[in-house]
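S.K.: One structure, pasted below without further comment.
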Amino acid sequence: MAPRHTLTAELDRLSLDVKNMGRLAYEAVEQCLKAMNHQDVALADSVIARDQDLNQNEALLDERAVNVIATQHPVATDLRKVLACIKVATDLERIGDLAVEVAKSVIQIDGQDLASEGKTLEKMGKDSLDMVVQSLQSFQALDITKALQLEKMDHQLDQQYEQTIHTLMRHSRADQATAPQLLQLAYIARSIERIGDHCTNISEQVLFAVKGERYDLNP
């Protein structure tokens, strides 16, 4: 096999590794949000238990990427693709960690009424899951248009987060007995908002891989 064919095959394999990690990250977010919406502690436990799958996949991808750089000596666009895969894998692993944080808060709340904040968090969760999908699609296709759309999506999620925190603080001052529960809801909101941040990081890697330039879509 010619060296170029070998490098192309290795890049395709790295892309597939990222795709598989993306599926695991998506499932983690989807399941933690389902656990939140339905106050399903057993499902939250399963999200925590499965987090090691993402960790293991990230380690394997990193090892493969280092091997590609050492043996195939990619340059220019090819090298940027390898580096982007490493960065995206890190963000996907962090998304999995944040799904675990949501799951842990669900367990802490343990069936308590989420009151009016429940609907707000459900909307935030849906929007963050949409961002996961969009970021993964943009990376797999190296679609700059889709990548740039993440900036607006993240801004909207940030606004929801700020409004949610203000509401939770107001409710906490009005009824201090609910403070522990509201604190867990704030943790959930923060984790969801951070998922969006990592999605914008992924979209930035699309722009880096294609254009060779660094962008900050989450200033």
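The numbers in the sequence shown follow the UniProt record's numbering, run straight up by one, and end at 219. In this text, a Cβ means the ideal position worked out from N, Cα and C, and glycines have one as well.
1. Can you find at least 3 beta carbon pairs, one from the segment 51 to 59 and one from the segment 117 to 126, that sit closer than 8 Å?
2. CA-CA distance, H73 and C85?
3. Tell me which same chain residues have a C-beta within less than 7 Å of the C-beta of D110, skipping the five on either side of it?
4. Across the segment 128 to 138 and the segment 15 to 30, are there enough close Cβ pairs to call them in contact, namely three or more that are closer than 8 Å?
5. With distance defined between alpha-carbon atoms, name the residue in L150, R194 and L98 nearest to residue 223.
6. Are R64 and D17 touching if we call contact CB-CB under 8 Å?
7. Starting from the C-beta of I107, find all residues in its chain whose C-beta is less than 6 Å away, skip the five residues before and the five after it, and write them out in chain order.
8. Scan the segment 133 to 183 and note each continuous beta strand (DSSP E) run of 3 residues or more that stays entirely inside, going in chain order.
9. If the criterion is Cβ atoms closer than 8 Å, does the pair Q205 and K104 meet it?
10. Rounding to the nearest angstrom, what Cα-Cα distance links R13 and L183 in this structure?
M.R.: With the given structure in hand:
1. no
2. 16 Å
3. V41
4. yes
5. Here the chain comprises residues numbered 1 to 219, so residue 223 is not present and cannot be evaluated.
6. yes
7. V41 and A44
8. none
9. no
10. 42 Å
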